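Shown next, in structure tokens, is the structure this report addresses.
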Amino acid sequence: MTYDLAVWEGDKPADDKTAGRVFSDLYDRYIDSEVEEPPSERIAAYVTVLLERWCDISEDEEDTSPWSTGPLIGEASGPLIYFPMRWSMAEEASAYAVTVAESMGLVCFDVQPDRLRP
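Be aware that the sequence shown starts at 18, since it is given in the working numbering, and climbs by one per residue.
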């Protein structure tokens, strides 16, 4: 079981419902598309900061990474990253991911309850 988080560039939506629509549109355009687009510079920088705290699961020899897929940057496309975390580490890892996103001026959307974070 995984815990999914979405982070993107752009203006923060006014409410959770609008954020859900924005996420759905971005997902359809960048993730569920046959055209692969490299991550934007800001999203790539965001991933770099996350990986400074926990290693990529593809390099995780001590089973300490919260990421469920790797390489983590592979979950990013254009201005969006949609990534799963191991359920057992989701609380700590998502809190950190949200804090980093906020500090970098990115929008963070919690996919499970369909709500903006923080």
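In this text, a Cβ means the ideal position worked out from N, Cα and C, and glycines have one as well.
The structure displayed is predicted, hence computed values, not measured ones.
Over what stretch of residues does the alpha helix (DSSP H) that includes residue 33 continue unbroken?
Here the alpha helix (DSSP H) through residue 33 covers 33-43.
Assuming the contact rule is C-beta atoms closer than 8 Å, residue 63 and residue 115 should be a hit. Round their C-beta distance to whole Å, please.
In this structure, residue 63 and residue 115 do not form a Cβ contact; the two beta carbons are roughly 11 Å apart against a cut-off of 8 Å.
With three or more beta-carbon pairs closer than 8 Å as the criterion, would you say the stretch 47-55 touches the stretch 103-123?
Taking a cut-off of 8 Å for Cβ pairs, the stretch 47-55 and the stretch 103-123 do not touch, as fewer than three such pairs fall below it.
Give the range of the alpha helix (DSSP H) segment to which residue 116 is assigned.
It spans 107-120 - the alpha helix (DSSP H) in which residue 116 sits, taken as one unbroken run.
Cβ-based neighbour list, residue 128, same chain, cut-off 8 Å, excluding 5 preceding and 5 following
Same-chain partners within the cutoff: 21, 22, 23, 40, 99.
Could you pull the start and end residues of the beta strand (DSSP E) that residue 99 belongs to?
Unbroken beta strand (DSSP E) run through residue 99: 97-103.
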